[in-house]
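Novice: Just so you know, the protein sequences line up as chains A and B, in that order. Residue numbers for the first sequence follow the working numbering, beginning at 1 and rising by one. Residue numbers for the second sequence follow the working numbering, beginning at 1001 and rising by one. Ideal placement from N, C-alpha and C gives every residue a C-beta, glycine not left out. Below you will find the structure I want to go over with you.
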Amino acid sequence: MASAPKKAPKVGAPASEHKAFAKAVLESDDYREPADKSRKDKVFDTPPNEDPNYKPKE
Amino acid sequence: MVYRPPFRKQGDGSRCQWSNCGPASQAMASHRHRKGVDPRTAGPWPPMPQAIRNRISPTSCGGTNLGSNDTASIALYASDMWVRYDLPWDTFRSLIQSGRGAHVAIKYSVIAPTKFDGSPGFTGGHSVYVNERRSSDGAFLVYDPLADGRRSGIPTAPDWWPANLLKAAAGAWTGSGKIDASFTRDTEA
Chain A
1 MASAPKKAPK VGAPASEHKA FAKAVLESDD YREPADKSRK DKVFDTPPNE
51 DPNYKPKE
Chain B
1001 MVYRPPFRKQ GDGSRCQWSN CGPASQAMAS HRHRKGVDPR TAGPWPPMPQ
1051 AIRNRISPTS CGGTNLGSND TASIALYASD MWVRYDLPWD TFRSLIQSGR
1101 GAHVAIKYSV IAPTKFDGSP GFTGGHSVYV NERRSSDGAF LVYDPLADGR
1151 RSGIPTAPDW WPANLLKAAA GAWTGSGKID ASFTRDTEA
């Protein structure tokens, strides 16, 4: 595997260019681990102001 | 037109509902990954937040992350997505334009002062599902699991978020402006 291409296609580029770029990025060795390793285990938070017993109306 | 999964809210009355932003976003991403077709694997179809939550932590609640949701999605829906970290914004944007959806980590403090706020008072780490980019103005179609219209003033997802808002919220999660996200396959090939 190789490094990911660094320069993304321009916004208005043909879809084929975005698809080729995406494939190269996702198949590369890059971006698989965060620079800050602790962030890999960081979890999303819980809104503090919502009623834990809330039942939606259906 | 890009395939759009159904919206899944986290406040659905199920166990751990308010900690289920990840499972709800993952349910929508898994639906997109499979383009709405049941892979007939281990999980009940369609993907729902509760099934993913139960797979991650069957007896406890607490926060989830991109990795734990992806692991559950593989087991339940054979949906092995691409979990990637520290992506430059232009790379993220191009991956969405390539025909993929994404489960994206954000910081809600960026959303709180805007009309897209789905839980007043919440400023913590959160996740949303991003389905597509609109070429006319560069906005992104965002499915925020908190934006279910349950109270007056709570918006209803999906909604088009300006690119600079999504960029700022995702960049604030990493603290570096880079993006952490989990991508579906290209369903528009």
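For the 8 angstroms Cβ check, are there 3 or more pairs between the stretch 43-52 of chain A and the stretch 1090-1098 of chain B?
Specialist: No: the two stretches stay apart, fewer than three of their Cβ pairs being nearer than 8 angstroms.
Novice: Could you name the residues of the same chain whose beta carbon sits closer than 6 angstroms to that of Val-25 of chain A, not counting the 5 residues immediately before and after it, in chain order?
Specialist: Here residue 25 of chain A corresponds to residue number 25 of the first sequence, with the count starting at 1. Ala-4.
Novice: Is Thr-1041 of chain B buried or exposed, if buried means 16 or more other CB atoms sit within 10 Å of its CB?
Specialist: Position 41 of the second sequence, counted from the first residue, corresponds to residue 1041 of chain B. Result: exposed.
Novice: Going by C-alpha to C-alpha distance, which of B:Ala-1029, B:Pro-1049, B:Ser-1030 and B:His-1031 sits closest to Arg-1015 of chain B?
Specialist: As a first step, residue 1015 of chain B must be located in the second sequence, where it is residue number 15. Comparing Cα-Cα distances from Arg-1015 of chain B to each of B:Ala-1029, B:Pro-1049, B:Ser-1030 and B:His-1031, the minimum goes to B:Pro-1049.
Novice: By the 8 angstroms beta-carbon criterion, what residues does the stretch 1115-1131 of chain B contribute toward chain A?
Specialist: For the stretch 1115-1131 of chain B, which is checked against every Cβ of chain A, the residues closer than 8 angstroms are Ser-1119, Pro-1120, Gly-1121, Phe-1122, Gly-1124, Gly-1125, His-1126 and Ser-1127.
Novice: With which residues is Tyr-1143 of chain B paired in a DSSP beta bridge?
Specialist: Locating residue 1143 of chain B in the second sequence gives position 143, counting from the first residue. In DSSP, Tyr-1143 of chain B forms a bridge with B:Tyr-1129.
Novice: Using a Cβ-Cβ distance cut-off of 8 angstroms, determine whether Leu-1095 of chain B contacts chain A.
Specialist: Counting from one through the second sequence, the residue named residue 1095 of chain B turns up at place 95. Answer yes: the Cβ-Cβ gap between Leu-1095 of chain B and chain A drops below 8 angstroms somewhere.
Novice: Checking the sheet assignment: what are the DSSP bridge partners for Val-1110 of chain B?
Specialist: For this step, residue 1110 of chain B is matched to residue 110 along the second sequence. Per DSSP, none; premise fails for Val-1110 of chain B.
Novice: Just list the beta strand (DSSP E) runs in the stretch 1065-1092 of chain B, keeping only unbroken ones of 3 residues or longer that don't cross its boundaries, in chain order.
Specialist: If we require 3 residues or more, the beta strand (DSSP E) runs fully inside the stretch 1065-1092 of chain B come out as 1082-1087.
Novice: Counting C-beta neighbours from all protein chains within 10 Å, is the total for Arg-1100 of chain B 16 or more, i.e. buried, or is it exposed?
Specialist: Sequence index remark: in the second sequence, residue 1100 of chain B carries index 100 (1-based). It counts as buried.
Novice: Compare the C-alpha of Ser-1136 of chain B against each of A:Pro-34, A:Ala-2, A:Val-11 and A:Lys-7 and name the closest.
Specialist: Taking the first residue of the second sequence as position 1, residue 1136 of chain B is located at position 136. Ranking the options by Cα distance to Ser-1136 of chain B, first place goes to A:Val-11.
Novice: Would Phe-1007 of chain B pass as an interface residue toward chain A - the criterion being a Cβ-Cβ separation below 8 angstroms?
Specialist: Along the second sequence, read from residue 1 onward, the residue named residue 1007 of chain B stands at position 7. Judged by the 8 angstroms Cβ criterion, Phe-1007 of chain B is not in contact with chain A.
Novice: Output needed in chain order: residues of the stretch 1071-1087 of chain B with a Cβ under 7 angstroms from some Cβ in chain A.
Specialist: Residues passing the 7 angstroms Cβ filter: Trp-1082, Arg-1084, Tyr-1085, Asp-1086 and Leu-1087.
Novice: I want to know whether the stretch 1163-1171 of chain B touches the stretch 1014-1034 of chain B - three or more CB-CB distances under 8 angstroms.
Specialist: As far as the Cβ criterion goes, the stretch 1163-1171 of chain B does not touch the stretch 1014-1034 of chain B, which means the pair count is below three.
Novice: Give, in chain order, every residue of the stretch 1148-1177 of chain B whose Cβ lies closer than 9 angstroms to some Cβ of chain A.
Specialist: Listed by position along the chain: Asp-1148, Arg-1150, Trp-1173, Thr-1174, Gly-1175 and Ser-1176.
Novice: Work out the CA separation of Arg-1004 of chain B and Gly-1036 of chain B for me, nearest whole Å.
Specialist: Translated into positions along the second sequence, residue 1036 of chain B becomes position 36. Translated into positions along the second sequence, residue 1004 of chain B becomes position 4. Whole-angstrom Cα-Cα distance: 9 angstroms.
Novice: Compute the Euclidean distance between the alpha carbons of Lys-57 of chain A and Ile-1056 of chain B, then round it to the nearest angstrom.
Specialist: Here residue 57 of chain A is taken as the residue at index 57 of the first sequence, counted from 1. Here residue 1056 of chain B is taken as the residue at index 56 of the second sequence, counted from 1. Whole-angstrom Cα-Cα distance: 27 angstroms.
Novice: Please list the residues of the stretch 1003-1037 of chain B that have a C-beta atom closer than 8 angstroms to any C-beta atom in chain A, keeping them in chain order.
Specialist: Flagged, chain order: Lys-1009, Gly-1011, Asp-1012, Gly-1013, Gln-1017, Trp-1018, Ser-1019, Cys-1021 and Gly-1022.
Novice: Report back the beta-carbon spacing between Val-1110 of chain B and Ala-1172 of chain B to the nearest angstrom; my notes put them in contact at under 8 angstroms.
Specialist: If you number the second sequence from 1, residue 1110 of chain B lands on position 110. If you number the second sequence from 1, residue 1172 of chain B lands on position 172. Contact flag correct, Cβ pair sits at about 5 angstroms.
Novice: So, for Ile-1106 of chain B: in the same chain, excluding its five sequence neighbours on each side, which residues have a beta-carbon less than 8 angstroms away from its beta-carbon?
Specialist: Walking along the second sequence from the start, residue 1106 of chain B turns up at place 106. So the list reads Gly-1125, His-1126, Ser-1127, Val-1128, Leu-1166, Ala-1169, Ala-1170, Ala-1172 and Trp-1173, once near-sequence residues are dropped.
Novice: Using only the heavy atoms of the ligand GDP, determine whether one of them is closer than 7 angstroms to the beta carbon of Asn-1069 of chain B.
Specialist: The ligand GDP is absent from the structure shown, which contains no ligands of any kind.
Novice: Strictly below 7 angstroms CB to CB, what residues from chain B border Pro-9 of chain A?
Specialist: One-based indexing of the first sequence puts residue 9 of chain A at position 9. Per Cβ cutoff of 7 angstroms: Ser-1094.
Novice: Could you please give the first and the last residue of the uninterrupted alpha helix (DSSP H) stretch that includes Ile-1183 of chain B?
Specialist: As a first step, residue 1183 of chain B must be located in the second sequence, where it is residue number 183. Per the sequence presented here, residue 1183 of chain B reads as Phe, with Ile not at that position. Not the alpha helix (DSSP H): Phe-1183 of chain B falls in the beta strand (DSSP E), residues 1179-1183.
Novice: Step through the CB atoms of chain A and report whether any lies within less than 8 angstroms of the CB of Asp-1090 of chain B.
Specialist: For this step, residue 1090 of chain B is matched to residue 90 along the second sequence. Output row for Asp-1090 of chain B: interface = yes.
Novice: Between Phe-1183 of chain B and Ala-1075 of chain B, is the Cβ-Cβ spacing less than 8 angstroms?
Specialist: Taking the second sequence and counting its residues from 1, one reaches residue 1183 of chain B at position 183. Taking the second sequence and counting its residues from 1, one reaches residue 1075 of chain B at position 75. No, the Cβ-Cβ distance between Phe-1183 of chain B and Ala-1075 of chain B is not below 8 angstroms.
Novice: At the level of alpha carbons, what is the spacing between Phe-21 of chain A and Lys-55 of chain A?
Specialist: The residue you call residue 21 of chain A lines up with position 21 of the first sequence. The residue you call residue 55 of chain A lines up with position 55 of the first sequence. Roughly 44 angstroms between the two C-alpha positions.
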